[in-house]
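The opening residue of the sequence shown carries number 51 in my numbering; numbering runs sequentially from there. Notes for the one structure printed next.
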Amino acid sequence: MKSIIFKIIGKFGYQIKKKHPVDVYIISFPKCGRTWLNLIIGKYFEQYIGLYGIDNDLALNLNLLFDLFPDALRNVVFSHDENPNFFRLPEQLKTNKKKYKKSKIIFLTRDPRDVIVSSYFEKTKRIGLGNRRSSWKSFDGTMSDYVYQKHGGIDSIIRFYNIWGENREVPTDFLLLKYEDLLTDTEVQFERLLKFIDLKIDKLMIKKAVEAASFKNMEKIERSGGTKSDKLKPFDINDKDSYKTRKGIIGDHKNHLLNEEIEYLTKKIENDLSDYFGY
């Protein structure tokens, strides 16, 4: 079964997906937990089509799963929408989201202070992993330097969130999904997602998908080389900070930032971020 699937993928995958409209976009600022959510969805999709446990790479590639089984699944596409973490200053972010007016949007967020910390390790420990990242610019400063810098900093995160908060009526439907809620009540939040994408809810399959995508299992996959995808590979197997599964906790900024840095970020959030997001 596995060899047949990957022969199909290799020959037809990318041509097939062009024929299908996107059912749902999952949009997030980088480092908000999308790889984790991707794996949960992929493991649920695998069960849904009777292929559970076939391959971690297949579970991580929702486009190819949909290409193979378009009549059974939903075409779910992850996007960072302009890659605001690397290529644009806050004032350069586009405010017009009319291109999504016929789409359903799941907007995945995370505490901006934790995003800052995770982004710092991404830019200092993981740049150069894979062909796509090899051209991305790394960050050479300290964590303290990163707190105050412009590209992908706190102003970028807040503006990105606010733009989407202001445009949430543009798409045909909009679901706010917070990393913190997903982490503390994963199965319930994933049910919300399934209902939103209009896919049958099976509680046992949800439980198995959540277990398969647990932090412990993801770390095991990453450490053991259980996937060929750069999405879940460490840059240096001996450096835990270079792992995608670095910590996966709420409030990690308290472990890395000085009190005055936390105060600076917190005031930014309180003064500038829309109350809609609840941070």
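No residue lacks a Cβ here, since even glycine has one placed at the ideal position from N, Cα and C.
(message) Only counting the same chain, and skipping five residues up and downstream in sequence, which positions put a Cβ closer than 6 Å to that of GLU261?
(response) none
(message) Contact defined as beta carbons within less than 8 Å: I believe LYS304 pairs with SER169. What is the distance between those atoms, to the nearest angstrom?
(response) No, LYS304 and SER169 are not in contact; Cβ-Cβ is about 16 Å, not under 8 Å.
(request) Compute the distance between the beta-carbons of GLY83 and LEU112, then report whether it is under 7 Å. (result) no
(message) Here's the rule I'm using: 16 or more other beta-carbon atoms within 10 Å means buried, otherwise exposed. How should ILE331 be labelled?
(response) Lying outside 51 to 329, the shown extent of the chain, residue 331 is not represented and no answer is given.
(message) By DSSP's criteria, LYS228 is part of a beta bridge. Which residues make up the other side?
(response) THR159
(request) Pull up the distance between the alpha-carbon of LEU323 and that of ILE299, whole angstroms please. (result) 22 Å
(request) Pull up the distance between the alpha-carbon of ILE155 and that of ASP223, whole angstroms please. (result) 6 Å
(message) Between the region 85-102 and the region 253-267, can you find at least three pairs of beta-carbon atoms closer than 8 Å?
(response) yes
(request) Report the rounded CA-to-CA distance for SER78 versus SER129, giving the unit in angstroms. (result) Here the alpha carbons of SER129 and SER78 stand approximately 7 Å from one another.
(request) Please name the residue or residues paired with TYR240 in a DSSP beta bridge. (result) Per the sequence shown, the amino acid found at residue 240 is Phe instead of Tyr. Bridge partners of PHE240: none, in fact.
(message) Just verifying my parser: in three-state terms, what is the DSSP assignment at PHE119?
(response) coil
(message) LEU315 and ILE204 - do their beta-carbons sit closer together than 7 Å?
(response) Taking a C-beta distance under 7 Å as the contact criterion, ILE204 and LEU315 qualify as a contact pair.
(request) Quick one: give me the first and last residue of the beta strand (DSSP E) that TYR75 is part of. (result) 74-78
(request) State the start and end residues of the unbroken beta strand (DSSP E) segment that holds PHE128. (result) 126-129
(message) Excluding the 5 residues flanking LEU89 on each side, which residues of the same chain have their C-beta closer than 7 Å to its C-beta?
(response) Taken in chain order, the residues that qualify are ALA109, LEU110, ALA263, MET268.
(request) Spell out the partners DSSP gives LYS257 in its beta bridges. (result) Answer is none; LYS257 lacks a bridge partner.
(message) Taking the straight line between their C-alpha atoms, what separation do you get for LYS173 and PHE189?
(response) One alpha carbon belongs to LYS173, the other to PHE189, and they sit about 5 Å apart.
(request) Answer with buried or exposed for TYR229, where buried requires no fewer than 16 other C-beta atoms within 10 angstroms of its C-beta. (result) Burial state of TYR229 is buried, judged by a 10 Å Cβ sphere holding 16 or more other Cβ atoms.
(message) Taking the alpha helix (DSSP H) that VAL197 belongs to, which residues open and close that run?
(response) 193-198
(request) Express the C-alpha separation of ARG163 and GLU313 in angstroms, rounding to a whole number. (result) 10 Å
(request) Could you give the DSSP three-state label for LYS154: helix, strand or coil? (result) strand
(request) Starting from ASP223, follow its DSSP beta bridges and name the residues at the other end. (result) LYS154
(request) Below 8 Å CB to CB, which residues in the same chain sit around ILE256 once its five sequence neighbours on both sides are set aside? (result) TYR94, GLU237, PHE240, GLU241, LEU244, listed in sequence order.
(message) Am I right that LYS147 and VAL220 are in contact with their C-beta atoms under 8 Å? What's the rounded C-beta distance?
(response) 5 Å
(message) Going by DSSP in three states, LEU87 sits in which element: helix, strand or coil?
(response) The DSSP-derived three-state label of LEU87 is helix.
(message) My output table needs one value for SER336: the three-state DSSP class, helix, strand or coil.
(response) In the structure as shown, the chain starts at 51 and stops at 329, and residue 336 therefore has no counterpart that could be examined.
(request) Under 7 Å Cβ to Cβ from GLU132, same chain only, skipping five residues before and after it: list those, please. (result) ARG138, LEU143, LYS144
(message) Can you check which of these residues, LEU101, ASP161, GLY100, is closest to LEU232 by C-alpha distance?
(response) ASP161
(message) How far does the alpha helix (DSSP H) with ASN106 in it extend, from its first residue to its last?
(response) 106-110
(request) Would you grab the beta carbon distance between LEU227 and LEU158 for me? Rounded to a whole angstrom, and I think it's under 8 Å. (result) That belief holds up - the Cβ atoms of LEU227 and LEU158 are roughly 5 Å apart, short of 8 Å.
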